[in-house]
Amino acid sequence: MHAWTLISFLFFTGLVALITWRITHRDDLSNTRGYFLAGRSLTFPLIAGSLLMTNLSTEQMVGLNGAAFADGLSVMAWEVVAVVALVLLALFFLPRFLRSGITTVPQLLLERFGPTTQLICNVIFLIAYAVILLPIILYSGAVGLQGMLDLPVLTGIDSSTTLLWLTVWGVGLIGAVYALFGGLRTVAVSDTINAIGLLVGGLLIVYLGLDAVGGGNGIAAGWHAIQEAQPERLNSLGGPDQQVPWPTLFTGVFLINLFYWSTNQQIIQRTFAARSLAEGQKGVLLTGFLKLLGPLYLVLPGIIAFQLYAGDGIAPDQAYGHLVFHLLPPWLTGFFAAVMVGAILSSFNSALNSTTTLFSLGLYKGVFRKDASEAEVVKSGKVFGWIMAVASMAIAPLLAGQESLFDYLQTMNAIYFIPILAVVIVGLLTKRVPESAAIFGLIGGIVLIALGYFVPPFNAILDLTNQYHFVAGVFVLLILGMLLIGKIAPRREAWIQEDVKAVDLTPWKGAVPVGILLLVLVFAIYLTFAN
558 MHAWTLISFL FFTGLVALIT WRITHRDDLS NTRGYFLAGR SLTFPLIAGS LLMTNLSTEQ
618 MVGLNGAAFA DGLSVMAWEV VAVVALVLLA LFFLPRFLRS GITTVPQLLL ERFGPTTQLI
678 CNVIFLIAYA VILLPIILYS GAVGLQGMLD LPVLTGIDSS TTLLWLTVWG VGLIGAVYAL
738 FGGLRTVAVS DTINAIGLLV GGLLIVYLGL DAVGGGNGIA AGWHAIQEAQ PERLNSLGGP
798 DQQVPWPTLF TGVFLINLFY WSTNQQIIQR TFAARSLAEG QKGVLLTGFL KLLGPLYLVL
858 PGIIAFQLYA GDGIAPDQAY GHLVFHLLPP WLTGFFAAVM VGAILSSFNS ALNSTTTLFS
918 LGLYKGVFRK DASEAEVVKS GKVFGWIMAV ASMAIAPLLA GQESLFDYLQ TMNAIYFIPI
978 LAVVIVGLLT KRVPESAAIF GLIGGIVLIA LGYFVPPFNA ILDLTNQYHF VAGVFVLLIL
1038 GMLLIGKIAP RREAWIQEDV KAVDLTPWKG AVPVGILLLV LVFAIYLTFA N
C-alpha cells in the first residue's frame, strides 16, 4: 500500500480525535445528565450530524451498496422511506418524549405502563444490541476496511479469518475508548466532523465512479451508460424477487423505518439531548434532507460497482470496498478509510453509549441499586459497556458468510423493532390500556416473529408471504390485542402525561411546512424513477 494512504489515514483520524478533545475536554461527565445526555445542550447541527453518522456506519455503506449491487435502485427504500419516519419523529414523537424529560425509551414505558414493562424493554434492547447491532457494525466495518485498504497485502496476513478477528478487535477497542470515556457529547462532536468527511468522500466516489463508467468522459456519460446497460436496475419499485418488493414500502419496510428513527434508543438519544424542542425538530428535519441524498452515496455506488466489476466474481458486500480501492488515488484512499473508520466508530460508539444508558438507568439504578449516587451510576455504565464491547467483538467474526449483510440486519431487527414500536404507539395514543397489555405486546410480538422466522411448521408462513408483510401483520395483531385487553381490563385511572419542564417545548414554526416539503420530495423521487 502506498505510504501516502497510511499517512493520510492516520492524519485525518488523529485530527478528528484532537478537535473532539479540544471541544469536549472540559465537559462535566460526573453525572448522568452530562454523561448520557450531553447536559441537554445539543443544537440542531450537532443533532443532525450525530443522527446521520450514527445511521451511516459500514452496515449502511457496505451493506446497502451491496444490496444495490445485487438488486439495483429499489433498495433506496431504506433511505428515502426513512424521511417519512423522521417527519413523524419531529412532529409527533419528539414533543411527547421531551415533555416527559426521559433519557431512555424504557423510561417512557415505566411512566406510561409500569416497572415490569420498563424492565422487559430494557432487557430486549440490551440483548438485541449485544447479539445483533454491535457485532454487525464491527463485522461490516472490518469487511469494508479490508477491501478499501487492501489489508491482506498491507499486513502480510494470509488468513482471512485471522485478519477479520484482528480488524474487528482493533476497531472495537478504539470505539469503546471513545464512547466509554467521553460520553454522549464526545460522540456527537466527532460524529459531526466525520459526517462532513463522509458526505464529501461519498459524493467523490460517485463522481469518480460515473466518470470511470463513462470512459473518462464525465459523469453525464457515465449515467447515460448505466441507463443504457441497466435500465431495469434503475427502478425505484422493487419486484417480487428482490429484497424490497414495492408493496412492502407500506407495510414492514415502513414500520422498521418508523421504529429505527422514532423509538430506537441508539438513534433518538441524540434528540433527548436537544437544548429545546425547536432545536430537536430542526435537527431531525435537517437529517431528513440529508437522507434524501442517501441514494447518491449509499445506493448508486453499488450500481456503479455492478457496471464496472460484475464479471470479477466479487460478493455484493465486497463491492463498495472494491470500488473505493480501485477508484481513489492512495492519499485519498487513506482519507476516505479514516472517514469510514469514523463511521464505524460513530455507530459503535452510539450503540455502546445507548447500551450503557439503558443498563445504568434502567437496570443498575432502576432495579439493583436504587439508592446509587450519580457517580456510581456512571461508573456502572462504563463497566457494563466494556463487557458489551468485548462480547460484541467476540460475536462479530462469526457473522462471516452471510449472503446479504443489510438484508440480514433488517430481518433480525424486526424481531424486537415491531413489538417495541407497537407498545410505544399504543402507550402514547391511549390512556387506559394497562401494563398487562404492554407485557403481552413485548413478549408476544417477539415470540410470534421468532416462530415465523425460525420454527417449523410456523415458518411455512414465509412461503406464503414476504417477511415484511408478515411482521406488519404481527404488528396489527399486537395493536388489536393490546386494545382488546384495554377494553376488557382497563387501568383504573387514565394516564396523564405531565410536562416535567426539562426543556423549552415551544415548537419550531417551520416544522410543519418543512415536514410537508420533505414528504412531497419523497413522493417526487419515487415517481421520477418508477418504471
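Residue 558 is where the sequence shown starts when you use my numbering, and the numbers rise one by one after that. The C-beta atom is built at its ideal place from N, Cα and C for all residues, glycine as well.
Less than 6 Å separating the Cβ of Ala876 from some heavy atom of the ligand COA? You won't find the ligand COA in this model; it holds no ligand whatsoever.
For Gly771 and Ala948, what's the separation of their Cα atoms in angstroms? CA-to-CA, the gap between Gly771 and Ala948 works out to about 46 Å.
Exposure label - Gln784; buried when at least 16 CB within 10 Å: Label assigned to Gln784: exposed.
Start and end residues, alpha helix (DSSP H) containing Pro1047: Where Pro1047 is concerned, there is no enclosing alpha helix (DSSP H), given that its DSSP letter is neither H nor E.
Any contact of the stretch 891 to 900 with the stretch 756 to 768, i.e. 3+ C-beta pairs under 8 Å? Cβ pair count under 8 Å is three or more, so yes.
Count the other CB atoms within 10 Å of the CB of Thr589; is the residue buried (16 or more) or exposed (fewer)? Confidence at Thr589 is low in this model, with a pLDDT of 47, below 50, so the placement of that residue should be treated as unreliable; the coordinate-derived value is given next. When all chains shown are included, Thr589 counts as buried.
What are the boundary residues of the alpha helix (DSSP H) that Asp798 is part of? No alpha helix (DSSP H) contains Asp798, which DSSP labels as neither H nor E.
Alpha carbons only, please: which of Asp869, Phe846, Ser904, Gly851 is nearest the one belonging to Ile824? The shortest Cα separation from Ile824 among Asp869, Phe846, Ser904, Gly851 belongs to Ser904.
In the DSSP output, what is Ser833 paired with across the bridge? Beta-bridge pairing links Ser833 to Asp1061.
Option nearest Leu1084 by Cα separation, candidates Ile1053, Trp803, Leu608, Leu646: Checking every option, the nearest Cα to that of Leu1084 belongs to Trp803.
Looking only at DSSP bridge pairs, what is Pro991 linked to? According to DSSP, Pro991 bridges with nothing at all.
Taking the C-alpha atoms as reference points, what is the distance between Ala876 and Tyr696? So the alpha carbons of these two residues sit roughly 15 Å apart.
Would you tell me roughly how many angstroms separate the C-alpha atoms of Ile861 and Val637, rounded to the nearest one? Answer to the nearest angstrom: the Cα atoms are 19 Å apart.
Nearest-angstrom Cα distance between Asn612 and Gly878? Distance between the alpha carbons of Asn612 and Gly878 is about 19 Å.
Cβ shell of Leu706 (< 6 Å), same chain only, five flanking positions each side left out: Cβ within range, chain order: Ala894.
Where do the ends of the alpha helix (DSSP H) carrying Met633 lie? Premise fails: Met633 is in no alpha helix (DSSP H) and is neither H nor E.
Examine the Cβ distances between the stretch 717 to 733 and the stretch 918 to 935 and report whether three or more of them are shorter than 8 Å. No, the stretch 717 to 733 is not in contact with the stretch 918 to 935.
DSSP state of Pro1013 mapped onto helix, strand, coil: In the three-state reduction of the DSSP assignment, Pro1013 falls in the coil class, being assigned neither a helical nor a strand state.
Cβ pair Gln787, Trp1065 closer than 7 Å: No, the Cβ-Cβ distance between Gln787 and Trp1065 is not below 7 Å.
Please report the straight-line C-alpha distance between Leu1005 and Ile681, rounded to a whole angstrom. Straight through space, the alpha carbons of Ile681 and Leu1005 are spaced by roughly 15 Å.
Return the CA-CA distance between Tyr592 and Ser598, expressed in angstroms with no decimal places. Since pLDDT at Tyr592 reaches only 49, below the 50 mark, its modelled position is unreliable, and no value is offered.
Could you give the DSSP three-state label for Leu956: helix, strand or coil? The three-state reading of DSSP puts Leu956 in helix, counting H, G and I together.
Given 8 Å as the limit, is there contact between the stretch 1050 to 1067 and the stretch 1017 to 1033, that is, 3 or more CB pairs closer than that? The stretch 1050 to 1067 vs the stretch 1017 to 1033: no contact.
Where Pro886 falls: helix, strand or coil (DSSP): Three-state result, Pro886: coil.
Going by Cα to Cα distance, which pick from Leu609, Gly704, Gly938 is closest to Leu885? Residue Gly704 holds the alpha-carbon nearest to the alpha-carbon of Leu885 among Leu609, Gly704, Gly938.
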